[in-house]
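Undergrad: Have a look at this one.
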Ligand code: SF4
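In the numbering used here, the protein residues as written are 7 to 369.
Dropping the structure here:
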């Protein structure tokens, strides 16, 4: 796998852009949002949010990795729970004039890029993603400029500015067919920002790519030794792995796939026990679909099989009922994307969506 060294002003590699402080701040805010509710508080917040959604002609879309209360509320109010692109698509097609996006910032930006006429609110606009932080547009543009003969393919987990610099946007579900399609046209590919997903796509497709060295702080932490120990305790369990995980974890998997594909695998496979290597927020939909099956968190510590994963995305955790109610009440947390930037970012996003349609129609 070709992962170049990116020179960071001031030294260090791209992981130094993440910063311990940013992670700590996110965890602090997540702790506030997920702090136990006082008696009656949760019910009161849910009631308040439901009436505000109506009053503001708003719909709630939540990512699979958000807290179960948010996913449940989205479903109860005619909203939607999904992956980032489906969230944006649903919001685009829904008649509501305000979309409330429970997730991380690039998801709010994607919704705005696709639905500029709508107001996009988020519980906390500072909820970000390590992949986004590790791929700042200035450094990334320099890198692209240094390889002008490459087609630039970026994962959806990037800022609007990085998308605007790209030729194609991809999700984990569609990355493989798009890379194969480009390779068939003789294109050289520059991939960003997730090195593990990039390595996975490269390994399956056999297409050599130049890969930006970013990573997801959650998936990067899964450890083979811990998963093996847990698998020894549950020998019949199937292992479901998201391809943002390191190669040695992917190599152990029974199924590798996007969030949507992993939820589907939980239903499709005959197994009744699963070890799941992705953010545990996904368990809400997995258990909803298969209440009689057992879903176990893949350990991330690598020591022993008895520990449960402590891996929660700190930024997804920043979404809660409390700040969701505030966003709807006050209009705080609105996402803005400048029109020039929006139009540029729409081009590679639309390219992906058009390509996806050709896949569906050729099935
Ligand atoms: S789980 Fe990973 S990829 Fe998803 S938002 Fe969090 S840091 Fe980003």
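In this text, a Cβ means the ideal position worked out from N, Cα and C, and glycines have one as well. The structure presented is a predicted model; accordingly, all values stated were derived computationally and were not measured.
1. Roughly how far, in whole angstroms, is the beta-carbon of residue 198 from the beta-carbon of residue 160, given that I think they are within contact range, below 8 Å?
2. Under a three-way DSSP split, which group does residue 71 fall into?
3. Spell out a yes or no on whether the region 129-141 and the region 82-91 are touching, meaning 3 or more CB-CB pairs, one atom from each, closer than 8 Å.
4. Give the DSSP-derived three-state secondary structure of residue 128 in the structure shown.
5. Please tell me whether, using a cut-off of 7 Å, the distance from the CB of residue 86 to the nearest non-hydrogen atom of ligand 1 is below it.
6. Spell out a yes or no on whether the region 89-97 and the region 182-197 are touching, meaning 3 or more CB-CB pairs, one atom from each, closer than 8 Å.
7. Please give the ranges of any beta strand (DSSP E) in the region 241-301, keeping only runs that are unbroken, at least 3 residues long and fully inside the region.
8. Within this structure, are the beta carbons of residue 76 and residue 325 separated by less than 8 Å?
9. Where residue 294 and residue 144 are concerned, what is the direct C-alpha to C-alpha distance, given to the nearest angstrom?
10. CB of residue 107 to nearest heavy atom of ligand 1: below 7 Å?
11. Jot down the residue ranges of each uninterrupted alpha helix (DSSP H) in the region 328-353, minimum 4 residues, whole runs only, in chain order.
12. Using the Cα positions of residue 210 and residue 263, report the straight-line distance between them to the nearest angstrom.
13. Could you check whether the Cβ of residue 110 sits closer than 7 Å to any heavy atom belonging to ligand 1?
14. Under DSSP, the beta strand (DSSP E) around residue 194 begins and ends at which residues?
15. At the level of alpha carbons, what is the spacing between residue 232 and residue 296?
16. Could I get the ranges of all uninterrupted alpha helix (DSSP H) runs contained in the region 78-125, with 4 residues as the minimum, in chain order?
17. Please check the pair residue 79 and residue 335, which I expect to be a contact at CB under 8 Å, by giving their CB distance rounded to whole angstroms.
18. Quick one, which of 227, 245 and 351 has its alpha-carbon nearest residue 252's?
19. Under 7 Å from any heavy atom of ligand 1, does the C-beta of residue 246 make it?
20. Looking at the strands, I want to know which residues DSSP matches up with residue 153.
21. Residue 81 to residue 153, Cα distance in whole Å?
22. Curious, which full-length beta strand (DSSP E) runs of at least 3 residues does the region 203-237 contain?
23. On the criterion of 16 or more Cβ atoms from any shown chain inside 10 Å, does residue 273 qualify as buried, or is it exposed?
24. List the endpoints of the continuous alpha helix (DSSP H) containing residue 52.
25. Buried or exposed: residue 356, going by 16 or more other Cβ atoms within 10 Å of its Cβ?
26. Does the beta carbon of residue 225 fall short of 7 Å from some heavy atom of ligand 1?
27. Write down the C-beta distance between residue 2 and residue 343 rounded to the nearest angstrom, noting that I regard them as a contact closer than 8 Å.
28. According to DSSP, simplified to helix, strand and coil, what is residue 28?
29. Going by C-alpha to C-alpha distance, which of 266, 134, 112 and 240 sits closest to residue 175?
30. Should residue 3 and residue 304 be called a contact, given that it needs their Cβ atoms to be closer than 8 Å?
31. What I want to know is whether the C-beta of residue 136 ends up closer than 7 Å to one or more non-hydrogen atoms of ligand 1.
TA: Taking the geometry as given:
1. Right, the Cβ-Cβ distance comes to about 5 Å (below 8 Å), so this counts as a contact.
2. coil
3. Contact fails: fewer than three Cβ-Cβ distances are below 8 Å.
4. coil
5. no
6. With a cut-off of 8 Å on Cβ pairs, the region 89-97 is not in contact with the region 182-197, counting fewer than three such pairs.
7. The qualifying runs are 244-247 and 279-283.
8. Against a cut-off of 8 Å, the Cβ pair of residue 325 and residue 76 comes out as a contact.
9. Rounded to whole angstroms, residue 294 and residue 144 show a C-alpha spacing of 43 Å.
10. no
11. For the alpha helix (DSSP H) assignment, the region 328-353 encloses no uninterrupted run of at least 4 residues.
12. Roughly 12 Å separates the two Cα atoms.
13. yes
14. Its beta strand (DSSP E) spans residues 194-198.
15. 25 Å
16. 90-99 and 111-120
17. Not really, about 15 Å apart at Cβ, beyond 8 Å.
18. Out of 227, 245 and 351, 227 has the C-alpha closest to the C-alpha of residue 252.
19. no
20. DSSP output for residue 153 lists no bridge partner at all.
21. 45 Å
22. 215-217
23. exposed
24. Note, residue 52: alpha helix (DSSP H), 47-61.
25. exposed
26. Of the heavy atoms belonging to ligand 1, at least one sits nearer than 7 Å to the Cβ of residue 225.
27. Because residue 2 is not part of the residues shown, which for the chain are 7 to 369, the question remains open.
28. helix
29. 112
30. Lying before the first or after the last residue shown, residue 3 is absent from the chain, which here runs from 7 to 369.
31. yes
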